[in-house]
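For the sequence shown, this note's numbering assigns the number 128 to the last residue and increments by one with no breaks. Here a beta-carbon is modelled for each residue, glycine too, at the ideal position from N, C-alpha and C. Since the model is a prediction, treat every value here as computed from it, not as a measurement.
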Amino acid sequence: MRLLKFIVPLQRPYIVIPCRNIVFGFNHVGYKIIEDYGNTQFFCFDDLGVEPMGRYFGKDCNTMGEILLSRHELFLNHAIKTHATTNLNAQELEDLYGNRVRSRMRQLFNLIAFDKNANDKRK
Numbered sequence: 006m007r008l009l010k011f012i013v014p015l016q017r018p019y020i021v022i023p024c025r026n027i028v029f030g031f032n033h034v035g036y037k038i039i040e041d042y043g044n045t046q047f048f049c050f051d052d053l054g055v056e057p058m059g060r061y062f063g064k065d066c067n068t069m070g071e072i073l074l075s076r077h078e079l080f081l082n083h084a085i086k087t088h089a090t091t092n093l094n095a096q097e098l099e100d101l102y103g104n105r106v107r108s109r110m111r112q113l114f115n116l117i118a119f120d121k122n123a124n125d126k127r128k
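This is the structure in structure tokens:
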């Protein structure tokens with residue numbers, strides 16, 4: 006079995022996408038982006054909370070907040086997992102997305118916190 010990892014190429018079970026890119030897509034394409042990320046694919050939303058507010062045809066939309074609500078429904082109905090990375094704490098996330106979305110985040114995510122002095126894992 007250990008040989009199998011050398012034969013089969015490494016595939017991530019999820020797609021890592023920066024939240025900024027999702028909002029930029031929303032600004033260009035519109036509400037279809039929310040539908041696209043509310044599907045049954047596995048995603049890791051990178052840098053949650055630092056993305057700008059979405060705006061499509063003059064209407065503001067908390068794009069990532071809406072996507073997280075859709076992902077929560079997927080989790081409840083189909084056990085579809087969602088991953089996210091952020092440098093913000095729980096209170097900062099609640100300030101950005103509101104109490105309702107933060108409540109759903111408690112069910113969606115397991116919090117793994119690193120000490121402020123920990124080595125940067127991206128290097």
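(message) Restricting to Cα atoms, I'd like to know which of Y61, V21, G43 is closest to D52.
(response) V21
(message) Going by DSSP in three states, G54 sits in which element: helix, strand or coil?
(response) coil
(request) Ignoring anything shorter than 4 residues or poking outside the stretch 28-99, list the alpha helix (DSSP H) runs there in chain order. (result) 37-42, 68-83
(message) Assuming I117 is part of the beta strand (DSSP E), what are its boundary residues?
(response) Premise fails: I117 is in no beta strand (DSSP E) and is neither H nor E.
(request) Could you spell out the range, first to last residue, of the beta strand (DSSP E) harbouring P18? (result) No beta strand (DSSP E) holds P18; DSSP gives it neither H nor E.
(message) Give me, in chain order, the residues of the same chain whose beta-carbon lies closer than 7 Å to that of E71; leave out the 5 immediate sequence neighbours on both sides.
(response) I39
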